[in-house]
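Below: one structure, written as structure tokens.
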Amino acid sequence: MAQLTLPKNSTVQKGKHWPAPVGADPKNVRQFRVYRYDPDSGENPRWDTYDLDTTQFGPMMLHVIIYIKDHVDATLTFRRSCREGVCGSCAMNIDGRNTIACTKPLADIKAKVVSISPLPHQKVVKDLVPDLNDFYAQHAAMQPYLKTTTAAPDKEWKQSIKDREKLDGLYECILCASCSTACPSYWWNGDKYLGPAALLQAYRWLVDSRDEATGDRLDALEDPFRLYRCHTIMNCTQVCPKGLNPAKAIGAIKQMLVEREG
Amino acid sequence: MSAERSDQRPLSPFTTIWRWHVTMVTSILHRASGVALYGGVFAMVAWLAAAAEGPAMYARYVHIMISWPGRALLFGFTLALSFHLLNGVRYLLWGRGIGYDKAAADRSAWLVIVLSSILTLAIWASAYWNLGLLAMGG
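The listed protein sequences correspond, in order, to chains X and W.
According to our numbering, the first sequence holds residues 1 to 262 in order.
According to our numbering, the second sequence holds residues 1 to 138 in order.
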């Protein structure tokens, strides 16, 4: 049975409040509610609230959390790197939806209090940093590389322009985990269901005209949990910050399996 | 990092923070209406059983079902049936690879919500209209 509530050690307590800086124009102040968890404290996670002067930082949500760390509370922990939607490090739940903080404009958020928490239903290492080891293991299990049996050609494995186009919308995944951790099926069965990111990756190799392990790849997916826990809830496609469509890819895998049956 | 510490890690919030898309609403409603229909089948079987038992039992069944709670139950059953039927078409189309784009999925979700409401109301309007004709001896 799906667990709908958080376990005892995970319930989020009321945390500290950081008032707006003195002299800030109230018109420019917005409140941010940030999930905090300190593994060394032995305490439950908490919601800290920060009243910030929005004229003091750039337009994106990553600017907001970097501002908090630099100017308000240096203990705030999060992952970030490229700050331009390429690395996938700053994926988190912002305003109730998963996204990458660097490409999410604060101006897009209508809620009075802007909520920021780690990717949902993951073990939290600290603050906004979730443990994504299982997620990466699932990706590795998809064997995301070309598998062939015929002798390697003298130069490259050739592919027609048309066949190459089949990979568009699949190869751009940055592994931010926004989709998989948005998926209720992944919440309830993340240990057995591969999740949208891994399945998108699987499909990327299934449709690659150069790959020669299609049958083996399909065999590995034909399972009530690994693939068929997808019930087309569409949360993955709704949140993908790169505009990809894992739900469609999963549907295509299901079709391939049906067609294989003949 | 010790295994002990990793076990103590809290689970990040999920249901409590998620802001739903309409496609998630229709997905959950599909499951809920499916469960409701499962229960509703018992009411249908009871109807047949009551009819098989004889006029007295059948009259008792009808008496229960035309009471306000009975009507509410039947209305819910109609709603669940309409929704599950129409939303099922979306799954059939998805099975053919149709309607996966974000905008298309949103549109079909709203369409099913609106159409299943209309269908339910239409079924009940026609039921009451026929009941009215019966009462007039038509």
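Where is the CB? At the ideal position from N, CA and C, for every residue including glycine.
These figures come from a predicted structure and were not determined experimentally.
Can you tell me the Cα-Cα spacing of residue i and residue j, whole angstroms?
i, j, result
"X:F57", "W:V25", "36 Å"
"X:D25", "X:K112", "17 Å"
"X:L175", "X:K14", "32 Å"
"W:G138", "W:L73", "Confidence at W:G138 is low in this model, with a pLDDT of 48, below 50, so the placement of that residue is unreliable and no value is reported for it."
"X:A2", "W:Q8", "21 Å"
"W:G88", "X:L244", "25 Å"
"W:F42", "X:K110", "46 Å"
"W:W110", "W:L86", "11 Å"
"X:Q255", "X:E261", "10 Å"
"W:A51", "W:M57", "7 Å"
"X:I94", "W:W129", "51 Å"
"X:L194", "X:F225", "8 Å"
"X:V12", "X:T5", "11 Å"
"X:P144", "X:I253", "16 Å"
"X:K242", "X:L167", "15 Å"
"W:W18", "W:I66", "40 Å"
"X:K27", "X:Y50", "15 Å"
"X:L206", "X:L146", "10 Å"
"W:I98", "X:R36", "42 Å"
"W:V45", "W:A125", "25 Å"
"X:Q138", "W:R71", "50 Å"
"W:T120", "X:P45", "46 Å"
"X:P19", "X:D131", "31 Å"
"X:T103", "W:G40", "48 Å"
"X:D191", "X:F135", "9 Å"
"W:V35", "W:S27", "13 Å"
"X:A214", "X:E259", "Before going further, note that residue 214 of chain X is Thr rather than Ala in the sequence given. Roughly 13 Å between the two C-alpha positions."
"X:D127", "W:R96", "43 Å"
Which of the three DSSP states is assigned to residue i in this structure?
i, result
"X:P21", "coil"
"X:L52", "strand"
"W:A125", "helix"
"X:S264", "Summary: the structure shown does not reach residue 264 of chain X, with chain X confined to residues 1 through 262, and so no result is reported for it."
"X:V34", "strand"
"X:K192", "coil"
"X:Q3", "coil"
"W:L11", "strand"
"X:V213", "A quick correction: the sequence has Ala, not Val, at residue 213 of chain X. Coil at X:A213, not helix or strand."
"X:N245", "coil"
"X:M293", "Chain X is shown only over 1 to 262; residue 293 of chain X falls outside these bounds and no answer can be derived."
"W:G39", "helix"
"X:K123", "strand"
"X:M234", "coil"
"X:A91", "strand"
"W:P55", "helix"
"X:N98", "strand"
Is it buried or exposed, residue i, if we count other Cβ atoms within 10 angstroms and call 16 or more buried?
i, result
"X:G42", "exposed"
"X:D48", "buried"
"W:A59", "exposed"
"X:R97", "buried"
"X:K248", "buried"
"X:H17", "exposed"
"X:R79", "buried"
"W:M1", "With a pLDDT of only 49 at W:M1, under 50, the local geometry of the prediction cannot be trusted, and no value is derived from it."
"W:S171", "Because residue 171 of chain W is not part of the residues shown, which for chain W are 1 to 138, the question remains open."
"W:G132", "exposed"
"X:G88", "buried"
"X:T140", "Sequence check: residue 140 of chain X is Ala here, not Thr. With fewer than 16 Cβ atoms within 10 Å of its Cβ, X:A140 is classed as exposed."
"X:W55", "In the sequence as displayed, the identity of residue 55 of chain X is Thr instead of Trp. Burial call: exposed."
"X:V22", "exposed"
Please report the Cβ distance between residue i and residue j, rounded to the nearest whole angstrom; I am assuming they are in contact, meaning their Cβ atoms lie under 8 Å.
i, j, result
"X:S180", "X:Y186", "5 Å"
"X:I250", "X:L199", "5 Å"
"X:M142", "X:A101", "About 27 Å separates the two Cβ atoms, so there is no contact after all."
"X:V86", "X:L52", "Contact flag wrong, Cβ pair sits at about 26 Å."
"X:N189", "X:R164", "Wrong, their Cβ atoms sit about 34 Å apart, outside the cutoff."
"W:S33", "W:F83", "5 Å"
"X:V72", "X:L106", "That belief does not hold up - the Cβ atoms of X:V72 and X:L106 are roughly 16 Å apart, past 8 Å."
"X:A182", "X:C236", "6 Å"
"X:M92", "X:P59", "Between X:P59 and X:M92 the Cβ distance is about 17 Å, and since that is not below 8 Å, they are no contact."
Verify the contact flag: residue i, CB atom, against every heavy atom of the ligand SAH, threshold strictly below 8 Å.
i, result
"W:R107", "Looking at this structure, you won't find the ligand SAH or any other ligand, since it has none at all."
> How about the segment 71-83 of chain W and the segment 104-122 of chain W: do they share at least three Cβ pairs that are nearer than 8 Å?
Replying inline: yes
>> Three or more C-beta pairs under 8 Å: does that hold for the segment 217-224 of chain X against the segment 148-158 of chain X?
In response: no
> Contact between the segment 116-136 of chain X and the segment 9-17 of chain W: three or more CB pairs below 8 Å?
Replying inline: yes
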